[in-house]
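In UniProt numbering, the protein residues as written are 1 to 634.
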C-alpha cells in the first residue's frame, strides 16, 4: 500500500486515531483525551476537552524551542516601495504588546475585534494578538464599501475596530477612515474604540472620545502571555462574499483549525520549517487566514506578505521578482493571477529574467485551473504546478495531487485526489451516487474532518439549511463536477453555473476549457442566457492576449467550431464576444452571475466584492451595441 492510500484508509477507518496522531505534533496546554464526540450526524466536535492557544502555536513555541532568530515574516510592498523582515522573536514581541494594547481597551476572551486593514505587517500582528487573548477576530477586506463593512460590524458586534489611514493600490491611495466613519453611522451598535494606524500616504481625522492612535497605544502597551482557550472556542469569524442577502459568518475553531492547517502544510504543500511560503492573496480572504498567517507560522515557515498585484506593480514580472528575490520555496495563488500575467507576457519573457530554481511547487486554487493556463505554466516553470480545490467553509484543501506519494502525477484539468480525512462523493439531484465520469453535485460525507466549519456565526439553522439540508448525511459544496475511474476529481464550476440547453446539462467549465485553449485567448467565461426555444444557450466572453492580432468575426467562428468539436453540437454555443476585461471579485473569481444579469438588463446590483465597478459600464455598453437590450441577443 502506498503512502497516500495508507493515510486515506487510516483517516477513514479510524479517524480518531488518525487525528490524534496529527494533534500530537502540536504543543497543547492540555492534550485532548476526547478526540471525537458525536451527538448526531450534524452535531459533533473534535478535541472537545483540549486546551491550547493558536498564537502560542504560531509564535511562542518556536521561540521557546530556540528558533527566535528564524525569519517569520517578509513584507514586500511594491506600491509603497517598502520591505520589512521580522524574526519569530521580533514578531512575538510585537504581537504580545498588541495583545496588551487590546486588553487595555477592554478586549477579553470571547470578545470580537473587527479588522479593516491593508496588507501590512500590523494586520498580521493584530490577528495573532486577538488569538493570543482568545478574542475572536473578524477581518473585513480593506476597501470594502461602508455598507458592506457596516453589515459585518452589525453581525460581529465588536468591542474594538482596528484600521489604517489608507490602503494602497498601484495607481491610487484608498482612504479607509472616511469609509469607517460612514459605516459606523449605519450600524446598530458601534464599537467602543477605533484604533487607527497612520500611514504617510493619507491623513486620518480622529474623532475625540472614540478614535485612538495605534502607535501611541503600542508605545505604552505591556506584553501579555497567551490565554488558554478550549479547542472548540472560536478563533475567528470570516464572512463569505455571498451574492445575495446577509453574508454568512463562517466560524473557525481553535483546536481543529490548528491541527488541520499543520497537517495540510505537510501533506498538501510539503512545506518544511524554515522554508519560505508565499500565498499571494489577501488577509481578507480565507487563503490569507489559512496560508498567509496561521498555517505557515504554525509550521515554522517564513511567510511572505505582499502588498501589490500580479501585474502593473510595476509589470507582469512582479511575481517572478518576488519569488527570486526572497527565494520562495512554495508559491500559491489564484489561476486568474496567472491568466493576467499570461495576457500581458504571453511568451514569458519577464519570467526568464529571474532565477526561479528555489521553487519546489506552485499551487493554484480559487477557480479551476484551465488546461491552457496549466500548460503555459508547466512549460515555463522549473517545478510541479498543482491545482487544488477547497472553500472558505472548509478552511483547508479538500482535493489536491498528493505530495506524500510520488506515484500520483498531476492531471491537466483535475484538482487531484481527495486529501486524507475527507470522504468525497458525487451525487445526482436525487441524492444517488453517479458512475465514474458522470457529472453531478460534489459533496462530502459527514462527519467533516477538523478545521471545517460546523456552524455559522449566530445562525445554526442557516448552516444546517445551507450546507446539510439538501442531501442528508452530506455537506453540499455547491460545486459540480465528476470523479474519473482513477479517482481524480474534476471540479467544473458552481452548480448554479450549469447551463441547461434543451434538457442537456452542460458545465461552464467544459465550455470555457474549449475556448481557453485557443492561442489568442488569455481568459474567458461562459454564461447561460435565456432562449425561447432551448431554455438557455451559452454565450462566450473572451479577453485576448496583448499581442493577439485576430479578426473578431473569424475568432468567433474558430471558437464556435472548437466547442462543437470538443463538447458537441448540443452545446449550441453560437456567440462569442471580445471584452477588454472580465468582471471579477477582488480575490480573482469571475462574476458570471453579474455578466448574466447585465445581459438581461442594464440595471444590476453591484456586487460588494467586485474589483473594479467600471468594468460593468464597459459590459453595459457592449451589450447595448450588440442588441442585448430590446430585441435581445438573438
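Glycine is no exception: its CB is placed at the ideal position from the N, C-alpha and C atoms. Only a predicted model underlies this, so the values are computations on that prediction, with no experimental measurement involved.
- Message: Going by C-alpha to C-alpha distance, which of 193, 319, 179 sits closest to residue 160?
- Response: Nearest option by C-alpha distance: 193.
- Would you report the Cα separation of residue 243 and residue 609, rounded to the nearest angstrom? Residue placement at residue 243 is flagged as unreliable, the pLDDT there being 41, under the threshold of 50; the coordinate-derived value follows with that caveat. When rounded, the separation of the alpha-carbon atoms in residue 243 and residue 609 is 9 angstroms.
- Message: Using CA atoms only, rank isn't needed, just tell me which of 146, 111, 358, 126 is closest to residue 156.
- Response: Closest by alpha carbon: 111.
- Message: Going by DSSP in three states, residue 214 sits in which element: helix, strand or coil?
- Response: Three-state DSSP puts residue 214 in a helix.
- Message: What does DSSP give as the partner residue(s) for residue 40 in the beta ladder?
- Response: For residue 40, DSSP records a beta bridge to 43.
- Task: Pick out whichever of 499, 546, 295 has its Cα sitting closest to the Cα of residue 332.
- Result: Answer by Cα proximity: 295.
- Query: Does the beta-carbon distance from residue 416 to residue 489 come in below 8 angstroms?
  - Reply: Going by C-beta atoms, residue 416 is nearer than 8 angstroms to residue 489.
- Where does residue 230 fall in DSSP's three states? Strand at residue 230.
- Message: Classify residue 451: buried if its beta carbon has 16 or more other beta carbons within 10 angstroms, exposed otherwise.
- Response: Buried, since its Cβ has 16 or more Cβ neighbours within 10 Å.
- Task: For the stretch 156-220, list the beta strand (DSSP E) runs that are entirely contained and at least 3 residues long, ordered along the chain.
- Result: 160-164, 166-168, 173-175, 193-197, 211-213, all fully within the stretch 156-220.
- Whole-number beta carbon distance between residue 95 and residue 125, since they are thought to touch under 8 angstroms: Taking C-beta atoms under 8 angstroms as the contact rule, residue 125 and residue 95 qualify, at a distance of about 5 angstroms.
- Under three-state DSSP, which class holds residue 614? Residue 614: helix per DSSP, three-state reduction.
- Query: Which residues mark the beginning and the end of the beta strand (DSSP E) in which residue 387 is found?
  - Reply: Unbroken beta strand (DSSP E) run through residue 387: 385-389.
- Item | Rounded separation between residue 635 and residue 147 - CA only | Outside the shown range of the chain (1 to 634) lies residue 635, about which nothing can therefore be said.
- Write down every uninterrupted run of the alpha helix (DSSP H) in the stretch 409-453 whose length is 4 residues or greater and which is fully enclosed by it, in chain order. Qualifying alpha helix (DSSP H) stretches: none in this window.
- Query: residue 298 and residue 279: beta carbons closer than 8 angstroms?
  - Reply: Result no, Cβ atoms of residue 298 and residue 279 do not sit closer than 8 angstroms.
- Query: Which value, in whole angstroms, describes the spacing of the CA atoms of residue 632 and residue 531?
  - Reply: Annotation note: pLDDT 42 at residue 632 (below 50); position unreliable, no value reported.
- Is the beta carbon of residue 466 less than 8 angstroms from the beta carbon of residue 248? Yes, the pair counts as a contact, with Cβ atoms nearer than the cut-off.
- Output the distance between the C-alpha atoms of residue 257 and residue 36, rounded to the nearest integer angstrom. Looking at the two C-alpha atoms, the distance is approximately 14 angstroms.
- Taking Cβ to Cβ, would you say residue 508 is nearer than 8 angstroms to residue 539? No, the pair does not count as a contact, with Cβ atoms beyond the cut-off.
- Between residue 576 and residue 616, what straight-line distance do the alpha-carbon atoms span, to the nearest angstrom? Residue 576 and residue 616 have their C-alpha atoms some 18 angstroms from each other.
- So which of 177, 611, 263 has the shortest CA-CA distance to residue 282? When only C-alpha atoms are compared, the closest one is 611.
- Query: In three-state DSSP terms, what is residue 48?
  - Reply: Residue 48 sits in coil when the DSSP states are folded into three classes, being neither helix nor strand.
- First and last residue of the beta strand (DSSP E) that includes residue 524? Here the beta strand (DSSP E) through residue 524 covers 521-531.
- Terminal residues of the continuous beta strand (DSSP E) containing residue 327? No beta strand (DSSP E) contains residue 327, which DSSP labels as neither H nor E.
- Ordered list of beta strand (DSSP E) runs contained in the stretch 84-111, each at least 3 residues: Counting only runs of 3 or more, we get nothing.
- Message: Using C-beta distances below 7 angstroms, list every residue in its chain close to residue 457, excluding the 5 sequence neighbours before and after it, in chain order.
- Response: Closer than 7 angstroms at Cβ, skipping near neighbours: 155, 237, 249, 251.
- Query: Would the stretch 45-55 and the stretch 69-89 be scored as touching if the rule is three or more Cβ pairs under 8 angstroms?
  - Reply: No contact exists between the stretch 45-55 and the stretch 69-89.
- Would you mind reading off the limits of the beta strand (DSSP E) that contains residue 597? Counting along the chain, residue 597 falls outside any beta strand (DSSP E), though it belongs to the alpha helix (DSSP H) covering 592-600.
- Item | In DSSP terms, what residue 340 is bridged to | Paired residue(s): none; residue 340 is not in a bridge.
- Locate the beta strand (DSSP E) running through residue 10, then write down its first and last residues. No beta strand (DSSP E) holds residue 10; the alpha helix (DSSP H) holding it covers 3-13.
- Item | Pairwise C-alpha distance: residue 378 and residue 1 | Confidence in residue 1 is poor, its pLDDT being 48 and thus under 50, which makes the residue's placement too unreliable to answer from.
- If you follow the beta strand (DSSP E) that residue 276 is part of, which residue opens it and which one closes it? Run containing residue 276: 276-279, per the beta strand (DSSP E) assignment.
- residue 356 by DSSP, collapsed to three states: which one? In the structure shown, residue 356 sits in coil (DSSP, three-state: anything other than H, G, I, E or B).
- Query: Can you give the Cα-Cα distance for residue 32 and residue 48, rounded to whole angstroms?
  - Reply: Taking the straight line from one Cα to the other gives about 7 angstroms.
- Query: If we ignore side chains and look at the alpha-carbon of each, how far apart do residue 225 and residue 135 end up?
  - Reply: Going by the C-alpha atoms only, they are around 13 angstroms apart.
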